[in-house]
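Worksheet: the structure to be examined is printed underneath.
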Amino acid sequence: MPIEALVKPRSVAIVGATDRAGPARSVIESLGALGFTGAIYPVNPKYQTVLNHVCYPSLTDLPEAPDVVVFSIRNPLVPEQVRLAVKRGARAAVIYDSGFAELGEDGARLQAEIAGLAREAGMAMCGPNCMGILNPPARVTTYKQTVMNAAGMAGNVGLISQSGSVCIAMLSDLRRFGISLSVSAGNEAVTRMVDYLEYLIDDPATKVIATFTETVREPERYVAALDRAADAAKPVVVLKVGRTERTQRAITSHTGGLAGESRVFSELLRAHRAIEVDDLDQMTEVLAVCQGERWPRGRGISVITGSGGLAELILDNATAAGLDLPPLSSDERVEGERVIGRITGDGNPFDAWGNGNYAVNLPHAMSVVDKSDRIAAIVYCSDTGNGEQIGHPGRELENVKMLSEQAKASSKPYYLMSTRPGLMNNVQAKALREAGLVQIGGTRQGLGAIDRVGRYMLGPLPARAPKNLPRSDALAAANAGRRTINEFDAKRILSGYGLPVTREQRVGTLCEAVAAARALKFPVVLKAVSDAIAHKTELGLVAVNLKTEDELARAFSRLDERLNGMSPRPPDAAFLVQEFVADGVEVFAGISRDPDFGLVLAFGLGGTVIELNRDFALRMLPLREGDAEQMIAETRAAAMLGPVRGRPAADVNSLAACLYALSDFAQAHADVLAEVDLNPIKALPHGCVVVDALIVAGPAKG
Ligand code: ADP
Ligand code: MG
Numbered sequence: 001m002p003i004e005a006l007v008k009p010r011s012v013a014i015v016g017a018t019d020r021a022g023p024a025r026s027v028i029e030s031l032g033a034l035g036f037t038g039a040i041y042p043v044n045p046k047y048q049t050v051l052n053h054v055c056y057p058s059l060t061d062l063p064e065a066p067d068v069v070v071f072s073i074r075n076p077l078v079p080e081q082v083r084l085a086v087k088r089g090a091r092a093a094v095i096y097d098s099g100f101a102e103l104g105e106d107g108a109r110l111q112a113e114i115a116g117l118a119r120e121a122g123m124a125m126c127g128p129n130c131m132g133i134l135n136p137p138a139r140v141t142t143y144k145q146t147v148m149n150a151a152g153m154a155g156n157v158g159l160i161s162q163s164g165s166v167c168i169a170m171l172s173d174l175r176r177f178g179i180s181l182s183v184s185a186g187n188e189a190v191t192r193m194v195d196y197l198e199y200l201i202d203d204p205a206t207k208v209i210a211t212f213t214e215t216v217r218e219p220e221r222y223v224a225a226l227d228r229a230a231d232a233a234k235p236v237v238v239l240k241v242g243r244t245e246r247t248q249r250a251i252t253s254h255t256g257g258l259a260g261e262s263r264v265f266s267e268l269l270r271a272h273r274a275i276e277v278d279d280l281d282q283m284t285e286v287l288a289v290c291q292g293e294r295w296p297r298g299r300g301i302s303v304i305t306g307s308g309g310l311a312e313l314i315l316d317n318a319t320a321a322g323l324d325l326p327p328l329s330s331d332e333r334v335e336g337e338r339v340i341g342r343i344t345g346d347g348n349p350f351d352a353w354g355n356g357n358y359a360v361n362l363p364h365a366m367s368v369v370d371k372s373d374r375i376a377a378i379v380y381c382s383d384t385g386n387g388e389q390i391g392h393p394g395r396e397l398e399n400v401k402m403l404s405e406q407a408k409a410s411s412k413p414y415y416l417m418s419t420r421p422g423l424m425n426n427v428q429a430k431a432l433r434e435a436g437l438v439q440i441g442g443t444r445q446g447l448g449a450i451d452r453v454g455r456y457m458l459g460p461l462p463a464r465a466p467k468n469l470p471r472s473d474a475l476a477a478a479n480a481g482r483r484t485i486n487e488f489d490a491k492r493i494l495s496g497y498g499l500p501v502t503r504e505q506r507v508g509t510l511c512e513a514v515a516a517a518r519a520l521k522f523p524v525v526l527k528a529v530s531d532a533i534a535h536k537t538e539l540g541l542v543a544v545n546l547k548t549e550d551e552l553a554r555a556f557s558r559l560d561e562r563l564n565g566m567s568p569r570p571p572d573a574a575f576l577v578q579e580f581v582a583d584g585v586e587v588f589a590g591i592s593r594d595p596d597f598g599l600v601l602a603f604g605l606g607g608t609v610i611e612l613n614r615d616f617a618l619r620m621l622p623l624r625e626g627d628a629e630q631m632i633a634e635t636r637a638a639a640m641l642g643p644v645r646g647r648p649a650a651d652v653n654s655l656a657a658c659l660y661a662l663s664d665f666a667q668a669h670a671d672v673l674a675e676v677d678l679n680p681i682k683a684l685p686h687g688c689v690v691v692d693a694l695i696v697a698g699p700a701k702g
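For the sequence shown, the numbering used here gives the first residue as 1, with consecutive numbering after it.
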């Protein structure tokens, strides 16, 4: 359904128009303030004119079919008026009032009624329960708030919000960016976030898209739109709320329990190159950074200050936020100190006070770090307020001049940073903007924004060509019902995909167990295996490090007794005699399926504490080249896998290979796979081995 008439109407009818203060009057006045040149049609049987415009008694009396009808009326009256709008051929509607689907069943019925009318007529609809749409470049608005001064409002940020108040918040400070479109989408009865997103991707006025999201209504379309935005080099900045709410579903594996909705959504955004932010401060800073003529092409930031104290504060904050502030190299330090005098610390932040000759030292510091290929962005930290009660007059514009001269000689982006978010000198901000430079605010928010855009500009990791091995028939067969596949069968399936698994034999009797143990060589492990038993230890069905036939026999009768104690004893229950892998670091890897976004892979330290410490890495499938290595590096497992207390380092490469193999396996069986748990995998100095495995078959949907 086209939404042009909704976002860029050439004529606006307002049902419920009146001279009294309120949304209808705001819209009419705002259209005037923006210089709207199209037709304005107030509709209200009570008046001849509204704000000097001819007022029509009914929508059916309009002289033409309007592009958009704004409904500034109470919810019980809406369906009848929507009918009239359809009858008059309106192409779009904006409905402000609440009391629809957000308010239980009656409201939902009312909403379904108007949505049905609109869809049938091919009429785009914003709301209900929304604040409308503001389009400064097109000089048109159906937004509820009054535009008082349209100057400087138009810009390149497309904002889509499922909350009207977030539109208010974002529009309340337009000093550093302007708006190409602002949408308060409300309940999205007909036209949805993804429709606006698709529109903005193609909108030439829009350079960056900011979204405030409570619900993703069409996951597949949403993901496709993110990909298209990435291809168009338009960053989509996403602030998602309501992430603690979680749909309960049946979960067998540990991985299934770990991969909660919010973590998966973050990974989805990463995989599809959206920029995630946690709050409106961060969002604002990212939008500001995107206004620069140049964007950082990497993560390394050099922060230049004249204060040792600030340098320490910034370093503490940046380190805690995981930002990359590369220290000066020894050559850079020598070159810096040649002019500046002694440089404290490791030179990032770069305290350029030195001998106190600011006018020389600051530009010199900048030119030193500018040459470093580890530095993608240069930030000068200087606080200036509005009102100039305190400070050196003229300093603001001197800073702008200095920065723009440095920037001219460089291909890297330069920023001016105030240490507190949102605090800036308006004259300075304007001058910076005119020079193509950007003011950022707050060390965490501002530097974090540079980091986010820098990562965006690095682009995705290269795609991997998956190994195309034959699919497992056993798994496809198990998919007939949602079925757990026991350790022994799971390992056979996985080893077909190149995963290294323990040597083992499935046996039924003690006699067979002893023969198997002799073949494998003691010490061995004895376990019970059955599709009905997902977790063995909690039932006392694992005996490790059995060194003799005697120990094996005792373990056998113990496990056999426990199986007999189960009611009923699982009919497929058997025993597994397995090599005992004495050494190695226990890690886990697993697959789970998000109901909306598909398969995800998790990795972390093994053991039962994973659910408690939640220290694990997550990626959407398929993995890209380098994902596995990054996953291993970003969890606490990384430290454990290094050389610890004389123990040799674990073979991280073979562990990475294992994760890639798991990814390939899962991709190849995506339609019949629900969950996989490899817990533990033992990471050894040479190679690694899957010690326990569990697969849950399941159809892709449902
Ligand atoms: P569960 O079904 O309870 O997860 P596992 O097969 O993972 O059972 O065994 C529980 C624990 O016993 C493992 O986490 C591991 O520490 C140890 N273990 C199991 N098999 C072996 C083995 N072959 N070699 C060494 N340790 C093992
Ligand atoms: Mg296990």
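Using N, Cα and C, we set each Cβ at its ideal position, and we do this for glycine too.
Just so you know, these numbers come straight off a predicted model, no measurement behind them.
Does residue i pass the burial test, meaning 16 or more other C-beta atoms within 10 Å, or should it be called exposed?
{"i": "SER329", "result": "exposed"}
{"i": "CYS511", "result": "exposed"}
{"i": "LEU77", "result": "exposed"}
{"i": "MET148", "result": "exposed"}
{"i": "PRO9", "result": "buried"}
{"i": "ILE114", "result": "buried"}
{"i": "ALA683", "result": "buried"}
{"i": "ILE440", "result": "buried"}
{"i": "HIS669", "result": "buried"}
{"i": "ASN564", "result": "exposed"}
For residue i, which residues of its own chain have a beta-carbon under 6 Å away from its beta-carbon, when the five flanking residues on both sides are left out?
{"i": "ASP451", "result": "ARG299, LEU323"}
{"i": "GLY16", "result": "ALA24, SER72, ILE73"}
{"i": "THR247", "result": "Its pLDDT being 44, under 50, THR247 is placed unreliably in this model, and the value from its coordinates should be taken loosely. Counting only Cβ-Cβ distances below 6 Å, and skipping sequence neighbours, we find nothing."}
{"i": "ARG297", "result": "ALA376, MET457"}
{"i": "GLY498", "result": "ALA661"}
So for residue i, helix, strand or coil by DSSP?
{"i": "ALA189", "result": "coil"}
{"i": "LEU159", "result": "strand"}
{"i": "LYS408", "result": "helix"}
{"i": "CYS688", "result": "strand"}
{"i": "ALA589", "result": "strand"}
{"i": "VAL706", "result": "A query on residue 706 cannot be resolved here, the shown segment of the chain reaching from 1 to 702 and no further."}
{"i": "GLN578", "result": "strand"}
{"i": "HIS669", "result": "coil"}
{"i": "GLN291", "result": "coil"}
{"i": "GLU245", "result": "Model confidence at GLU245 stands at a pLDDT of 47, short of 50, so the residue's coordinates are unreliable; what they give is reported in the following sentence. In this structure, GLU245 counts as coil in the three-state DSSP scheme."}
{"i": "TYR414", "result": "strand"}
{"i": "GLY99", "result": "coil"}
{"i": "GLY116", "result": "helix"}
{"i": "PRO46", "result": "It should be noted that the sequence gives Lys, not Pro, for residue 46. Correct three-state label for LYS46: coil."}
{"i": "PRO76", "result": "helix"}
{"i": "ARG554", "result": "helix"}
What's the gap between the Cα of residue i and the Cα of residue j?
{"i": "ASP67", "j": "PRO462", "result": "45 Å"}
{"i": "ASN44", "j": "ILE3", "result": "26 Å"}
{"i": "ILE168", "j": "GLU335", "result": "49 Å"}
{"i": "VAL676", "j": "ASP594", "result": "13 Å"}
{"i": "LYS491", "j": "GLU332", "result": "54 Å"}
{"i": "GLY448", "j": "ASP278", "result": "11 Å"}
{"i": "GLY590", "j": "ALA528", "result": "22 Å"}
For the candidate residues the options, whose alpha-carbon lies nearest to that of residue i?
{"i": "ASP560", "options": "LYS547, LEU546, THR548, VAL542", "result": "VAL542"}
{"i": "GLU405", "options": "GLN48, SER266, ALA435", "result": "ALA435"}
{"i": "ARG569", "options": "ASP531, ILE591, VAL544", "result": "ASP531"}
{"i": "ILE209", "options": "ARG273, ALA189, GLY152, PRO219", "result": "ARG273"}
{"i": "ASP61", "options": "ILE14, ASP19, GLY498, GLY292", "result": "ILE14"}
{"i": "LEU623", "options": "ALA639, ALA633, LEU641, ALA656", "result": "ALA656"}
{"i": "ALA377", "options": "GLY341, ALA649, GLY454", "result": "GLY454"}
{"i": "SER654", "options": "VAL216, PRO685, LEU563, TRP353", "result": "PRO685"}
{"i": "LEU287", "options": "ALA478, ASN156, ASP550", "result": "ASN156"}
{"i": "THR37", "options": "PRO136, GLY122, GLY22, GLN111", "result": "PRO136"}
{"i": "SER592", "options": "LYS144, VAL194, ALA697, GLU276", "result": "ALA697"}
{"i": "GLN291", "options": "GLY391, ILE179, LEU268, SER262", "result": "ILE179"}
Quick one: what's got a C-beta closer than 8 Å to residue i's C-beta in the same chain, skipping five residues either side?
{"i": "CYS126", "result": "LEU6, ALA92, ALA93, VAL94, ILE95, GLY132, ILE133, THR142, VAL183, SER184, ALA185, GLY186, THR191"}
{"i": "LEU520", "result": "ARG503, GLU504, GLN505, VAL577, GLN578, GLU579"}
{"i": "ASN355", "result": "ILE340, GLY341, ASN361"}
Enumerate in chain order the residues of its own chain whose CB-to-CB distance from residue i is below 7 Å, with the five nearest sequence positions on each side excluded.
{"i": "PRO460", "result": "ARG273, ARG624"}
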